[in-house]
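Chemist:
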């Protein structure tokens with residue numbers, strides 16, 4: 177499920193690791209999204225859309241970095 181919080185957080189974490197490994201990353205994840213990912217890593221929810229803070233902080237980054245299957 178491309179909207180499960182675990183899938184979205186895992187995808188965005190992978191994008192952040194890739195960004196850290198590439199010194200000249202052109203489209204890094206936003207700081208707001210990075211903060212939300214770190215906060216949400218300890219929480220559980222079934223759906224990315226149910227955590228409004230994560231959803232709004234990371235919506236654009238999810239569309240840029242993660243295949244939503246849509």
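In this note's numbering, the protein residues as written are 177 to 246. We put the beta carbon where it would ideally sit given N, CA and C, even for glycine.
(1) So, with DSSP's three-state summary, where would you put residue 205?
(2) In or out: residue 241 buried (at least 16 other Cβ within 10 Å) or exposed?
(3) For residue 186, which residues in the same chain have their Cβ closer than 7 Å to its Cβ, ignoring the five residues on either side in sequence?
Modeler: According to the structure shown:
(1) Taking the first residue of the chain shown as 1, we reach residue 205 at position 29. It is coil, neither helix nor strand.
(2) Position 65 of the chain shown, counted from the first residue, corresponds to residue 241. Answer is buried; the Cβ neighbour count reaches 16.
(3) The residue you call residue 186 lines up with position 10 of the chain shown. Contacts found: none.
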